[in-house]
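Visitor: Quick note: the sequence shown uses my numbering, first residue 67, plus one each step. Once you've had a glance at the structure underneath, I'll fire off some questions.
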Amino acid sequence: MEIHFAPLQGYTDFEYRRIHAKHCTGVDAYYTPFLRWEKGGVRDKDIKDILPENNEGIRLIPQLICSDTDEFNRLADAVQEHGYAEMDLNMGCPAPMQTKLKRGSGILPHPSLVESMMKEMARRPEVSFSAKMRLGLDTSEEWKELTDILNSSCLRHLTIHPRIGKQMYKGEVHMDSFSEMTQALHTPIIYNGDISCIEDMEKLASSFPNQHGIMIGRGLLARPTLAQEYLQGREMPEQERKDKILAMHEDMLDYCTRKYKIDSQILLHIHAFWEYQESQMERKAWKKIMKAGSMKNYLEAIRQI
Ligand SMILES: Cc1cc2nc3c(=O)[nH]c(=O)nc-3n(C[C@H](O)[C@H](O)[C@H](O)COP(=O)(O)O)c2cc1C
């Protein structure tokens with residue numbers, strides 16, 4: 067069963083991925099946060115994120131979000147230029163800014179649009195495409211209209227986050243619908259949503275023994291060693307885990323200090339590294355880090371972990 071690191075805009079950029087892969091094992095593939103077509107091109111920042119020299123030694127799957135086949139082709143061309151033979155189509159983003167343009171989960175109520183995207187994928191046999199989707203935008207039934215289209219597509223795998231777009235990232239995940247999808251779809255399936263510990267992963271592996279893999283986002287940001295621990299079949303001793311986090315943090319702080327010259331900017335970006343770790347730390351220590359308004363207070367908070 068493969069373990070994939072979910073894309074998280076604002077968190078899993080190339081520097082985070084590089085640092086994660088340097089210090090932790092167990093992740094089979096990383097995805098970029100979605101690339102989009104904006105003001106006549108792809109943002110420089112997004113191109114930098116996929117440059118092969120910024121992603122050495124990892125399996126990186128660039129992700130595209132698009133509202134029509136023109137956008138799809140322009141983005142796919144831009145990514146292919148950098149030598150990628152794998153790409154992922156975002157059919158899950160719930161942000162209204164995207165869904166109102168029929169992007170992300172906004173595409174799900176439009177089977178003909180999904181079909182046209184799948185047809186464009188088939189026109190690039192040199193690229194292996196995957197997609198990431200929700201159950202629907204407004205209802206948990208929308209996927210049913212897409213079954214035949216997905217089953218006759220060339221998708222290498224399909225990641226399913228079993229919520230609807232309207233739920234954003236909260237509320238229950240619909241495991242019954244996920245189970246139904248695994249039976250209706252022939253594409254290799256990757257489960258995604260709310261996995262935060264080894265037990266969650268084991269439960270999924272035993273409930274869905276035929277699934278291709280698991281994708282984890284916030285769970286890995288909270289506990290970067292999670293995939294490694296799962297593969298090793300045991301929790302890592304606390305001190306070892308802490309040492310790893312601190313080693314990752316040292317690399318991240320070094321990067322932020324080189325990139326951002328002003329303390330307030332450095333703090334803004336380094337706080338993202340800690341943001342999802344609240345559940346894994348002593349609450350007081352986490353709060354002190356997140357509330358530090360000066361570099362002096364921040365470094366003092368880190369020393370106290
Ligand atoms: C801040 C944030 C940014 C995200 N950015 C993306 C993105 O760029 N592309 C994408 O497919 N999903 C994105 N997601 C969704 C995650 O990839 C994932 O599907 C979601 O967090 C559920 O998985 P998890 O519970 O393991 O985190 C984002 C989620 C969050 C919270």
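Every residue, glycine too, gets a C-beta built ideally from N, C-alpha and C. These figures come from a predicted structure and were not determined experimentally.
Using CA coordinates, which residue listed in 168, 197, 163, 312 is at the minimum distance from residue 291?
Guide: One-based indexing of the sequence shown puts residue 291 at position 225. Ranking 168, 197, 163, 312 by Cα distance to residue 291 puts 312 first.
Visitor: What is the residue span of the alpha helix (DSSP H) that residue 307 lies within?
Guide: Translated into positions along the sequence shown, residue 307 becomes position 241. Taken as a continuous stretch (DSSP letters only), the alpha helix (DSSP H) holding residue 307 covers 304 to 325.
Visitor: Can you have a look at residue 118 and say buried or exposed, based on whether 16 or more other CB atoms are within 10 angstroms of its CB?
Guide: Mapped onto the sequence shown, residue 118 falls at position 52. Exposed.
Visitor: Tell me the rounded alpha-carbon separation between residue 79 and residue 127.
Guide: Start at 1 with the first residue of the sequence shown, and residue 79 comes out as number 13. Start at 1 with the first residue of the sequence shown, and residue 127 comes out as number 61. Those two C-alpha atoms are separated by around 12 Å.
Visitor: Any heavy atom of ligand 1 within a distance shorter than 7 Å of the CB on residue 95?
Guide: In the sequence shown, counting from the first residue as 1, residue 95 sits at position 29. Flag unset: Cβ of residue 95 not near ligand 1.
Visitor: Verify the contact flag: residue 260, CB atom, against every heavy atom of ligand 1, threshold strictly below 7 Å.
Guide: In the sequence shown, counting from the first residue as 1, residue 260 sits at position 194. Flag set: Cβ of residue 260 near ligand 1.
Visitor: Quick check: residue 180 and residue 203, are their CB atoms within less than 8 Å of each other?
Guide: As a first step, residue 180 must be located in the sequence shown, where it is residue number 114. As a first step, residue 203 must be located in the sequence shown, where it is residue number 137. No, they are not a contact pair.
Visitor: Using the beta-carbon count (16 or more within 10 Å), is residue 207 buried or exposed?
Guide: One-based indexing of the sequence shown puts residue 207 at position 141. With fewer than 16 other Cβ atoms within 10 Å, it is exposed.
Visitor: Quick one: grab the DSSP three-state call for residue 145.
Guide: Sequence index remark: in the sequence shown, residue 145 carries index 79 (1-based). If DSSP states are grouped into helix, strand and coil, residue 145 belongs with the helices.
Visitor: Quick one: give me the first and last residue of the beta strand (DSSP E) that residue 67 is part of.
Guide: Residue mapping note: residue 67 aligns to position 1 of the sequence shown, counting from 1. Unbroken run through residue 67: none, as it is neither H nor E.
Visitor: Is it the case that the CB of residue 198 approaches a heavy atom of ligand 1 more closely than 7 Å?
Guide: Position 132 of the sequence shown, counted from the start, is the residue given in the question as residue 198. The answer is yes for residue 198.
Visitor: Going by the C-beta, is residue 100 closer than 7 Å to any heavy atom of ligand 2?
Guide: The model on display carries ligand 1 but not ligand 2.
Visitor: Output the distance between the C-alpha atoms of residue 325 and residue 224, rounded to the nearest integer angstrom.
Guide: Taking the first residue of the sequence shown as position 1, residue 325 is located at position 259. Taking the first residue of the sequence shown as position 1, residue 224 is located at position 158. Their backbone Cα atoms lie some 36 Å apart in a straight line.
Visitor: For my contact list, residue 165 and residue 76 are in at a C-beta cut-off of 8 Å; report their separation, rounded to the angstrom.
Guide: On the sequence shown, position 99 is the one that residue 165 refers to. On the sequence shown, position 10 is the one that residue 76 refers to. 18 Å between Cβ atoms; not a contact.
Visitor: Would you say the beta carbon of residue 159 is closer than 7 Å to some non-hydrogen atom of ligand 1?
Guide: As a position in the sequence shown, residue 159 is number 93, starting the count at 1. Yes, since a heavy atom of ligand 1 falls inside the 7 Å radius drawn around the Cβ of residue 159.
Visitor: Sort out for me which residues DSSP pairs residue 199 with in a bridge.
Guide: As a position in the sequence shown, residue 199 is number 133, starting the count at 1. DSSP lists 157, 226 as partners of residue 199.
Visitor: Report the start-end ranges of each alpha helix (DSSP H) in the stretch 92 to 154 that is 4 residues or longer and not cut off at the edges.
Guide: Those alpha helix (DSSP H) runs which fall completely within the stretch 92 to 154 and span 4+ residues are 110 to 116, 135 to 146.
Visitor: From residue 125 to residue 370, what does the alpha carbon distance come to, in whole angstroms?
Guide: Here residue 125 refers to the residue found at position 59 of the sequence shown. Here residue 370 refers to the residue found at position 304 of the sequence shown. Going by the C-alpha atoms only, they are around 36 Å apart.
Visitor: To the nearest angstrom, report how far apart residue 163 and residue 303 are at their CA atoms.
Guide: On the sequence shown, residue 163 is found 97 positions in, with the first residue counted as 1. On the sequence shown, residue 303 is found 237 positions in, with the first residue counted as 1. If I take the Cα positions, the gap works out to 43 Å.
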